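Residue numbers (our numbering), protein chains in the order written: chain A, 344 to 553; chain B, 344 to 553; chain C, 344 to 553.
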Amino acid sequence: MLESAGVVVFALTGALVAARKRMDPFGFILLATVTGVGGGTLRDLLLDRRVFWIEAPSDVLLCSAVALAAWAIAYFKPGTLDGWGAKRLLIWADAAGLALFAVIGAQKGLAAGVPIPSAIAFGAMTATFGGIIRDILAGDRPMVLWSRDFYVTAAAAGAGATVGLAQMGFAPLLVMLGGLAAGFGLRAGSLLFGWSFPKLPGDDAPKPSD
Amino acid sequence: MLESAGVVVFALTGALVAARKRMDPFGFILLATVTGVGGGTLRDLLLDRRVFWIEAPSDVLLCSAVALAAWAIAYFKPGTLDGWGAKRLLIWADAAGLALFAVIGAQKGLAAGVPIPSAIAFGAMTATFGGIIRDILAGDRPMVLWSRDFYVTAAAAGAGATVGLAQMGFAPLLVMLGGLAAGFGLRAGSLLFGWSFPKLPGDDAPKPSD
Amino acid sequence: MLESAGVVVFALTGALVAARKRMDPFGFILLATVTGVGGGTLRDLLLDRRVFWIEAPSDVLLCSAVALAAWAIAYFKPGTLDGWGAKRLLIWADAAGLALFAVIGAQKGLAAGVPIPSAIAFGAMTATFGGIIRDILAGDRPMVLWSRDFYVTAAAAGAGATVGLAQMGFAPLLVMLGGLAAGFGLRAGSLLFGWSFPKLPGDDAPKPSD
């Protein structure tokens with residue numbers, strides 16, 4: 344359930360990038376699917392579990408549906424998926440996916456009995472991986488890199504809060520909500536209010552246009 | 344057999360890119376090998392099977408032989424692997440590898456008992472993956488992205504035809520030939536006659552030179 | 344032991360790249376960790392072994408410590424991690440990691456009973472993989488590509504010497520030292536004295552600034 348929500352929002356970000364790159368319908372499907380299931384695939388490979396979307400292909404179908412809907416919008420309503428509004432949708436959907444996968448990754452790591460630092464590393468890696476492969480496939484500079492605000496930090500906070508609350512014995516629902524609040528909250532705060540760590544000195548910080 | 348054919352043609356594309364980038368002999372070998380075995384490696388990892396080239400290293404040796412032959416040509420016959428002829432060879436070998444791996448991926452997915460949508464997604468992903476990592480390693484924009492014609496579409500068609508014909512009970516040879524015809528035919532049609540989906544409006548379509 | 348040394352030096356290269364890109368502390372941690380454990384993760388996935396850092400998270404913690412130390416230096420001593428000195432440290436740490444992972448990869452391949460060509464391919468692939476994902480994540484052209492000198496060659500030599508000496512029945516310590524000497528020696532020779540294969544004719548060789 345939670346996983347499918349994460350898959351869908353990441354698939355949406357993949358479809359938005361495909362729209363910007365003027366790909367064809369199957370290009371949309373590939374980019375949406377790889378972005379949507381990428382992080383969970385890495386997680387399951389690392390845990391040596393059966394990859395989640397293979398047995399239950401509903402997530403692949405969801406990604407395809409999101410992709411085709413986006414292609415239709417881009418085709419029949421030109422310009423809708425361009426510009427500032429689409430860029431903001433991309434960034435916020437990415438933020439939601441980041442928080443969801445950080446929580447799920449940390450939970451699955453704990454459930455598999457991995458040590459605590461690994462469960463946090465796990466959540467943070469799998470939460471950021473989908474966006475990384477989206478941007479690399481699209482030939483863009485990875486968002487994880489040019490983001491001057493909380494990005495990996497938000498993923499780590501979401502995973503860390505999930506692990507911490509679970510260790511303290513909170514009910515699963517509270518663990519999940521706490522993790523989501525920490526991950527999405529930090530990311531949202533940095534997007535809305537510019538929260539960040541103190542910047543490193545130096546002026547060659549990469550910008551989105553680099 | 345079929346798999347080795349796919350490995351060799353993808354290895355050839357890797358070697359051609361290495362020639363364009365003026366790499367050294369072991370650079371040729373790395374790029375040829377990673378391109379040749381990349382898609383099948385992803386497929387086997389996802390299916391939790393033993394990775395195909397580890398037990399039977401003949402494919403790795405084939406990739407190395409292709410790479411060294413290409414390096415020798417580039418060294419002793421300068422210019423042979425540059426220019427328009429080499430570019431066309433690259434694109435057509437990539438097309439052959441795409442069709443072969445789409446069919447093999449779909450077949451192996453079916454043989455492993457994965458659901459139908461997953462088998463198709465599988466074939467399409469593993470068919471495109473070798474070329475994706477080749478282009479990323481070479482610092483090029485992935486062909487999957489700038490290709491304005493049928494590319495992912497051809498991979499999906501090859502995988503889809505394979506799955507469809509197999510479900511209809513055709514003999515394995517016919518399934519294979521039908522899958523190859525669908526995949527390679529669509530790609531060839533788009534390369535020769537410009538077949539494609541209707542283009543999305545907008546003028547920022549990336550070009551090979553981007 | 345040897346593995347942790349390789350993880351630390353590769354983590355250091357990831358942190359140095361993060362410093363150049365002016366990332367935030369968790370960006371440092373992500374880049375250092377992914378670079379440090381990347382090659383070994385690929386190796387363990389291919390061998391279908393439990394991924395090494397999941398059960399024993401000390402390596403993840405080491406990467407994080409290296410990353411935070413580097414961030415602190417970049418923050419409190421601006422300029423220290425820039426410039427020519429840092430570039431040289433990056434290249435030499437990368438060389439050390441390359442040799443270490445070539446030997447470890449080949450050894451683990453042999454221990455898992457894979458055929459000889461696969462064990463060598465293995466060592467070379469896993470030795471170069473960490474640096475490849477570091478450079479791709481950072482949006483840089485992979486060092487493996489623009490390096491005109493012995494790079495993949497050094498990795499293959501280290502893996503090949505390890506496999507050869509092991510086959511000849513030398514003691515494990517000698518196998519290891521021989522592999523390290525071959526891998527690091529070739530790389531060092533090419534960095535210090537410009538050792539390389541004869542260059543391919545043509546003038547479009549990519550440069551670091553490409």
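Beta carbons: idealized from backbone N, C-alpha and C, even for Gly.
Computed from a predicted model, the values in this text were never measured in an experiment.
Less than 9 Å separates the beta-carbon of B/PHE493 from that of A/PHE369. Put simply, the region 472-489 of chain A touches the region 360-376 of chain A. At least three CB pairs are less than 8 Å apart.
Using a Cβ-Cβ cut-off of 9 Å, A/PRO485 does not count as an interface residue toward chain B, since no Cβ of chain B sits closer than that to its own. Chain C places a beta carbon closer than 9 Å to that of A/ARG491, counting this residue as a contact. Under the DSSP assignment, C/THR376 falls in the alpha helix (DSSP H) whose first and last residues are 368-389.
Residues of chain B whose Cβ lies closer than 8 Å to the Cβ of C/ALA531 do not exist, since the nearest Cβ in that chain is about 17 Å away. Listed in chain order, the non-local C-beta contacts of B/GLY501 below 6 Å within the same chain comprise ALA442, ALA445, VAL446, GLY522, ALA525, GLY526, local neighbours out to five positions each way being set aside.
Nearest to C/ARG392 by C-alpha distance, out of C/LEU534, C/LEU411, C/ALA454, C/MET511, is C/ALA454. Close to chain C, meaning a Cβ-Cβ distance shorter than 7 Å, are the following residues of the region 389-410 of chain A: LEU389, ASP391.
Straight-line spacing of the CA atoms in C/ALA429 and A/ALA348 works out to 43 Å. At least 9 Å separates the beta-carbon of C/LEU385 from that of C/PHE513. At a Cβ-Cβ threshold of 9 Å, A/ILE463 and A/ALA499 count as neighbours.
Any Cβ of chain A closer than 9 Å to the Cβ of C/MET366 would place that residue at the interface, and such an atom is present. For the C-beta of A/ALA499, the chain C residues within less than 7 Å are, from N- to C-terminus, PHE369. No Cβ of chain B is located within less than 9 Å of the beta carbon of C/ALA509. In this structure, DSSP gives A/GLY357 a helical state, which the three-state scheme calls helix.
A/CYS406 and B/LEU389 have their C-alpha atoms spaced approximately 18 Å apart. Per DSSP, the unbroken alpha helix (DSSP H) holding B/ARG431 starts and ends at 426-454. Close CB contacts of C/ALA439 within its chain, under the 6 Å cut and outside five residues either way in sequence, are with VAL352 (chain order).
In this structure, the straight-line span from the alpha carbon of B/GLY426 to that of A/VAL350 is close to 42 Å. For B/LEU543, no alpha helix (DSSP H) segment is defined, and its DSSP state is neither H nor E.
Across the region 454-474 of chain C, CB contacts with chain B closer than 8 Å involve VAL457, PRO458, ILE459, PRO460, SER461, ALA464, PHE465, ALA467, MET468, THR471, in sequence order along the chain. Contact of C/GLY528 with chain B is not assigned, every C-beta pair being separated by 9 Å or more.
From the listed residues B/VAL394, B/VAL377, B/VAL457, B/LEU432, the smallest Cα separation to A/ILE397 is found for B/VAL457. With respect to chain A, the C-beta atom of B/PRO515 has no partner C-beta closer than 9 Å. The straight-line gap separating the alpha-carbon atoms of A/LEU355 and B/LEU543 is approximately 18 Å. Chain-ordered listing is empty here: chain C has no CB closer than 7 Å to the CB of B/ASP478, the nearest sitting near 11 Å. Proximity of B/LYS451 to chain A, defined by a Cβ-Cβ separation below 9 Å, is not satisfied.
C/LEU432 and C/LEU359 have their alpha carbons spaced roughly 9 Å apart.
Not flagged as an interface residue toward chain B: A/THR378, since no C-beta distance is shorter than 9 Å. At a cut-off of 9 Å between C-beta atoms, A/GLY357 does not count as an interface residue with respect to chain B.
Spatial neighbours of C/PRO515 in its own chain (CB-CB distance under 7 Å, excluding positions within 5 residues in sequence) are not present.
Going by DSSP, C/PRO515 is part of the alpha helix (DSSP H) stretching over 515-536. Rounded to whole angstroms, B/ASP387 and C/PHE395 show a C-alpha spacing of 20 Å. When only Cα atoms are considered, A/LYS451 and A/GLY503 end up about 13 Å apart.
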